[in-house]
Amino acid sequence: MSLSVRQLRNRATSLAVGVACLSTAAIGLAPSAQAANIDKWSSFWQPCGTYMCLYYHQGLTGASWTPTWSSDTDLGGNKFGDHGTGSDGAGQVVRNNAASMGNNTTNCRVATFVYTNFQGDNNWLTAGHAGNLNSSLSNNEASIRVDTCT
Ligand SMILES: [Ca+2]
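Residues -35 to -1, 1 to 115, numbered by mature numbering (1 follows the signal peptide of the UniProt record, and there is no 0), are exactly what the sequence shown covers, in order.
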């Protein structure tokens, strides 16, 4: 079988269209991460140490986790403790177990992420604010960091 130049051109065009469709499909499978500000309360009253804290329950209640450093790439190795807001949840692993968060910095944002190493959807707070994690992050967070300092 021999193909005319015109037939070859038509085949090349079909192939190019197919590749373009595949590229669009691949992009569709990897949506960009959603960042949500969850400021609900203006509050520096938190057992947050210098940086931030996560709580086992909503409303800044239950056991809390109070790091003494400005980020944590994997909350799987950390546990809640009773730091004055309740003992419920004390001893449990922080990762995928937090319901609210506080930012005790005076000039930075604090953000917690669905995945380790600060990847995926995230919830963030402005300085001196606290809030409940939204439906994407509540009981579904893996890392946290201080960033965007002014
Ligand atoms: Ca950790």
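Note that the Cβ used here is the ideal one computed from N, Cα and C, for glycine as well.
Please read all numbers here as calculations on a predicted model, not as lab measurements.
- Screening all residues for a C-beta within a distance smaller than 6 Å of any heavy atom in ligand 1 leaves 37, 39, 40, 42 and 43, in chain order.
- Between residue 54 and residue 21, the C-beta gap is smaller than 8 Å, which places the two residues in contact.
- Under the three-state reduction of DSSP output, residue 78 falls in the strand class.
- When only Cα atoms are considered, residue 51 and residue 65 end up about 13 Å apart.
- Secondary structure at residue 19: strand, using DSSP grouped into helix, strand and coil.
- When beta bridges are read from the DSSP output, residue 84 appears opposite 80.
- In the assembly as shown, residue 89 is a buried residue. Its beta-carbon has 16 or more other beta-carbons within 10 Å.
- Looking at the DSSP output, residue 26 shares a beta bridge with 22.
- Taking each of 2, 102 and 112 in turn and checking the Cα distance to residue 62, the smallest one comes out for 102.
- With 16 or more other Cβ atoms from the protein chains shown falling within 10 Å of its own Cβ, residue 86 counts as buried.
- If the five residues before and after residue 12 are omitted, its C-beta is found closer than 7 Å to the C-beta atoms of 18, 29, 31, 48, 49 and 50, all from its own chain and listed in chain order.
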